[in-house]
Amino acid sequence: MIRVYGSKMCPDCRNLELNFRTYGIEYEYLDINEKLANLKAFLILRDTNPEVFDRLKAIHDIGIPACVDQTGRVFTDWETLVASMGHEVLSEERGESCSLSDRRGC
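Under the working numbering, think of the first position of the sequence shown as 18, with each following residue one higher.
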């Protein structure tokens, strides 16, 4: 099972859920806006995995959805996972991702 840190306000997170539900990928969704404990766990994950998150922080990206697989591997590129399983990546088609630097897509 994949643990996912995200937010219902995030278009990328909603697309991840659409794809994981559609293709039967088992996951546990931890909304960082619903519980402070989820936000704290995500921030610890982000702060202790610079190889995954530093490039995202450099472009002012939050880094969600953030995934942790059953081996403990942390990744944000869920689209590659879906495609590697032979599936087409689905989208809500609600516009682009949210960017903190210029607020596009938010």
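Cβ atoms here follow ideal geometry from the backbone N, Cα and C, with glycine treated the same way. On a predicted model such as this, the values are computed, not experimentally measured, just so you know.
**Request:** Just tell me which of Ser108, Thr39, Glu96 and Met26 has its CA closest to the CA of Ile79.
**Result:** Met26
**Beta-carbon gap between Phe70 and Tyr22 smaller than 8 Å** = no
**Where the beta strand (DSSP E) through Asp48 begins and ends** = Tyr44 to Asp48
**Prompt:** Cβ atoms of Trp95 and Leu33: under 8 Å apart, would you say?
**Reply:** yes
**Message:** Using only CA atoms, which one of Ser24, Leu73, Glu45 and Asp64 lies nearest to Glu51?
**Reply:** Ser24
**Three-state secondary structure (DSSP) of Cys27** = coil
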